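A short write-up of the structure that comes next.
Protein chains: 2
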Amino acid sequence: MEEFKAYIDENAERFVAELQRLCQQPSIAAQKVGIEETAEMVLSMLQRIGARARLIPVAEGSPVVYGTIGEGPRTLIFYNHYDVQPPEPLEEWKSDPFAAEIRQGVLYARGAADNKGDLVARLMAVEAYQKTRGELPLKLKFVFEGEEEIGSIHLGQFVEENRGLLEADGCIWEGGSKDLSGRPVIYLGLKGILYVELRAKGAKRDLHSSWATLVPNPAWRLVWALASLKDENDRLTVDGLMNHVEEPPPEETDLLRQIPFEEKKIKADFGIPHFLGGVKGVEALKRHLYGPTCTICGFRSGYIGEGSKTVLPSEAMVKLDFRLVPDLEPRLVLDLLRKHLDRRGFKDIEIVEMTGEQFAKSPPDAPIVQAALEAARTIYGQEPVVYPNLAGSGPMYHFSKALGIPVASGMGVSHAQSRIHAPNENIKIADYIQGIKYIGELIVRFAEKG
Amino acid sequence: MEEFKAYIDENAERFVAELQRLCQQPSIAAQKVGIEETAEMVLSMLQRIGARARLIPVAEGSPVVYGTIGEGPRTLIFYNHYDVQPPEPLEEWKSDPFAAEIRQGVLYARGAADNKGDLVARLMAVEAYQKTRGELPLKLKFVFEGEEEIGSIHLGQFVEENRGLLEADGCIWEGGSKDLSGRPVIYLGLKGILYVELRAKGAKRDLHSSWATLVPNPAWRLVWALASLKDENDRLTVDGLMNHVEEPPPEETDLLRQIPFEEKKIKADFGIPHFLGGVKGVEALKRHLYGPTCTICGFRSGYIGEGSKTVLPSEAMVKLDFRLVPDLEPRLVLDLLRKHLDRRGFKDIEIVEMTGEQFAKSPPDAPIVQAALEAARTIYGQEPVVYPNLAGSGPMYHFSKALGIPVASGMGVSHAQSRIHAPNENIKIADYIQGIKYIGELIVRFAEKG
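Read top to bottom, the protein sequences are chains D and Y.
Heads up: the first sequence begins at 1 in the working numbering, then just goes up one per residue.
Heads up: the second sequence begins at 1001 in the working numbering, then just goes up one per residue.
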């Protein structure tokens, strides 16, 4: 692979320019800005490296840029997204978010880290491979969606409608970053999520609070309902829910011990004296990665301004998210929640479903995971940190669960201060170049497992 | 009293003009608009009817306009306030809130009903009495404060500093209105109130909600703490609180039976199928007037906008009011609340005291109450509706409790649609004239009890 790496170094300036060009094209899904133009630009980039590529329209959604290249016994999917978060607040950017300015070896642009840097690095790696080693040793499929930053709202539908195009032996997820100590990170799954609003109503308008003697208060209704969902020791008490939660398999517990979990730094950063229940070390990490949660993300009722207003509110609303572990499907949790409330006389409380995403996980011994680890050891010269899954959620299950394709995720061109979703999003040019090399190495390693 | 009444009718136009003049002078305590000017204007009105009057400054507050007139074995205080609520929203007024326009026998102005109409009616009644019957048969003391609409924040201090000026045998409160059916209403007390904020903190900034596995959530802390204060049947469960609550005395229960409590109308107006606990009739009224409450007036935590945001909030705040019955002093309730929370491990929850007002009640057989009832029967030709106390709160206890002066309240120049605190506040000219006559009759009746 020396020739391959040398080619990348020789062409580094052009590869950076390709990324700058894509970053200079806004593609803000939430604001419907530049989506079609960006899809076309990515399509032609795919075509320039020799891929058979096209836009696959999604009803009422952004098109998916789909492409294939290479032949071989194995097929690998690269999942990326070409849309970006809104750049606001603009005044906090040191350079225009779509100028893609480079200062002291760092490229600043909305989307540089999330996720255009990884997307372009993969295309450049394919070019470099072909130029230095000829035909690809496997079949690559590119699936670049345009709605990741608005919750991948049509990805499930796209996957269902195009299962035939998505057959593969492994998938590499969008990318990611090194950790705070510069170690490569790989993760194999994500928790599921159910996000709901609970709404209660009382009188038809706000009343003077002296009427609290006789008139129901929707804020109290929600307080009582919530208090029945989780107890003061943070134990979930939704009827039947914990029956679906299992201890992690032993081989994954072993993985946990190898994760450098910097709990002191985390507690200091968050400003908390200890974790919930006083858990520490592997126990804390286990709870973080394998425990379901029920979180009040927002609560609003009545008068919330300065000073006192004696009002009996007519409405109350709480936003709740449940982070879900393997056997907790969003539908199941929604059903358990409704029945739990009904059983306790809270039939008046409306549940509005906002988001549901399923748990996703790939086995640590899947060939794509092993290939990702081997490539990381080779390129980064360090043992990667492997998370069996993260505590967050995402659309990975459309591939790992619905299609049954093992997915490896986490390693990409970002660093721990890439400021994803924030002003001055950036990647280091050196990381980008290294990331291109990583993809080439990964292709070789995965093909070898055929 | 026929000559007295005839004088009022003859001078009605001038008496209305006097009220209009005062209404045209803004006196918005919350906005510090026109307070001094209004105090001076009221002072000179008092002087014009022959009272010895002066402004009594209150440190950092609006001055109290104080005056005395007449001599006799009995002394009566008229409590009123010369400040008004802010007039906003201005666009909803049909005429300027300080134009004091009269349309079809109705005077529209901010403060016409609350409380300038009653204030001027009392002065006009004294003038008419003196012009037609000579010297007053008792000693009158006028106490007109300028901060009622901002919570009478210095009234307690004023009363403490001027106890010598406030000796009296009875007090007539600011005024009030006829009920929906046009019946005169008199009430003898008010509940106390304790208004607090409970505040909880978690991490030092909002976090991604995936951290809910390990990081405390202040919204949950408040939910659990609140759920311990009141149960799902609306029973107050603050440790020891209900030990201080007693059944109303039998003679007051009799009063309740005579109150026309239009529960069907009330439920329809509020849009609720039934009252809490299904109570009805006298039971409902008893709960309304004699039951303590604990009301969530506001609750705020985390993300409360549209859609879903997966955030673990760093702060949560709830506004709570307790309406208090005789033996529940605000200080006592605050102390019970703190101990209750501490005992349950909620030492982290901060209690911020916002307002505390004490319960106030005067005995139904007090001479001033009897005089008020007799005068109402004579002037309005109907049996008055007597409430032993209202479910609301106010600064009456500074007189009835701190000074031990029986207070009668409720009857004044307003009607049930006077739109107090709202745009197009108004009184009927006929009610104003009748109200002047009522005050004269009341003076006579109270003097007779000497």
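Where a beta carbon is used, it is the ideal one built from N, C-alpha and C, also for glycine.
In this text, all values refer to a predicted model and were calculated from it rather than measured experimentally.
Residue-chain proximity (residue i, chain D), Cβ-Cβ < 8 Å
i, result
"Y:H1154", "no"
"Y:W1220", "yes"
"Y:M1242", "no"
"Y:L1119", "no"
"Y:L1207", "yes"
"Y:A1006", "no"
"Y:S1027", "no"
"Y:A1030", "no"
"Y:A1416", "no"
Residue i to residue j span [Cα, whole Å]
i, j, result
"D:I433", "D:R14", "11 Å"
"D:F399", "D:N80", "13 Å"
"D:L256", "Y:G1291", "56 Å"
"D:D348", "D:P216", "11 Å"
"D:N162", "D:Q130", "28 Å"
"D:P470", "D:K267", "Coverage of chain D is limited to positions 1 through 450, which leaves residue 470 of chain D absent and any answer about it impossible."
"D:A366", "D:G345", "48 Å"
"Y:E1101", "Y:G1412", "20 Å"
"Y:T1213", "D:T355", "20 Å"
"Y:K1139", "Y:L1442", "13 Å"
"D:E167", "D:L276", "43 Å"
"Y:R1110", "Y:A1200", "40 Å"
"D:D335", "D:R323", "15 Å"
"D:L43", "D:K309", "58 Å"
"Y:G1122", "Y:D1009", "First, the residue type needs correcting, since residue 1122 of chain Y is Arg and not Gly in the sequence shown. Cα-Cα distance, rounded: 15 Å."
"D:V282", "D:R205", "51 Å"
"D:C297", "Y:Y1303", "6 Å"
"D:F142", "D:I69", "9 Å"
Under 8 Å between C-beta atoms of residue i and residue j
i, j, result
"Y:E1315", "Y:P1218", "yes"
"Y:V1065", "D:L226", "no"
"Y:I1035", "Y:D1096", "no"
"D:Q370", "D:Y397", "no"
"D:K361", "D:P388", "yes"
"D:I49", "D:V159", "no"
"D:L190", "D:D321", "no"
"D:G170", "D:I368", "yes"
"Y:L1236", "Y:I1259", "no"
"D:V444", "D:W173", "no"
"D:F270", "Y:A1203", "yes"
"D:L19", "D:K116", "yes"
"D:A430", "D:G105", "yes"
CB contact below 8 Å: residue i versus chain Y
i, result
"D:D83", "no"
"D:H340", "no"
"D:A391", "yes"
"D:R287", "yes"
"D:K204", "yes"
"D:S210", "yes"
"D:T68", "no"
"D:G291", "yes"
"D:T75", "no"
Local Cβ density within 10 Å of residue i, reported as buried at 16 or more and exposed below that
i, result
"Y:A1113", "buried"
"D:K437", "buried"
"Y:H1421", "exposed"
"Y:G1146", "buried"
"Y:N1426", "buried"
"Y:E1071", "exposed"
"D:G381", "exposed"
"Y:K1264", "exposed"
"D:D118", "buried"
"D:R52", "exposed"
Contact list for residue i against chain A, beta-carbon separation under 8 Å
i, result
"Y:R1199", "Although the question refers to chain A, the structure presented lacks it and instead comprises the protein chains D and Y."
#### Entry: Residues from the segment 1251-1277 of chain Y in contact with chain D, defined by Cβ distance under 7 Å
F1270, G1271, I1272, F1275 and L1276
### Message
By the 7 Å beta-carbon criterion, what residues does the segment 1215-1240 of chain Y contribute toward chain D?
### Response
V1215, P1216, N1217, A1219, W1220, V1223, W1224, L1226, A1227, K1230 and E1232
### Message
Please identify, using Cβ separations under 9 Å, the residues of the segment 1294-1313 of chain Y that lie next to chain D, in order along the chain.
### Response
C1294, T1295, I1296, C1297, G1298, F1299, R1300, S1301, G1302, Y1303, I1304, G1305, G1307, S1308, K1309, T1310, V1311, L1312 and P1313
### Query
For the segment 316-335 of chain D, which residues have a beta carbon sitting closer than 9 Å to at least one beta carbon of chain Y?
A316, M317, V318, K319, D321 and R323
#### Entry: Residues of the segment 1181-1196 of chain Y with Cβ closer than 8 Å to any Cβ of chain D, in chain order
K1191, I1193 and Y1195
### Message
By the 7 Å beta-carbon criterion, what residues does the segment 346-373 of chain D contribute toward chain Y?
### Response
M354 and T355
### Task
Scan the segment 1432-1448 of chain Y for residues whose Cβ lies nearer than 7 Å to a Cβ of chain D and list them as they occur along the chain.
none
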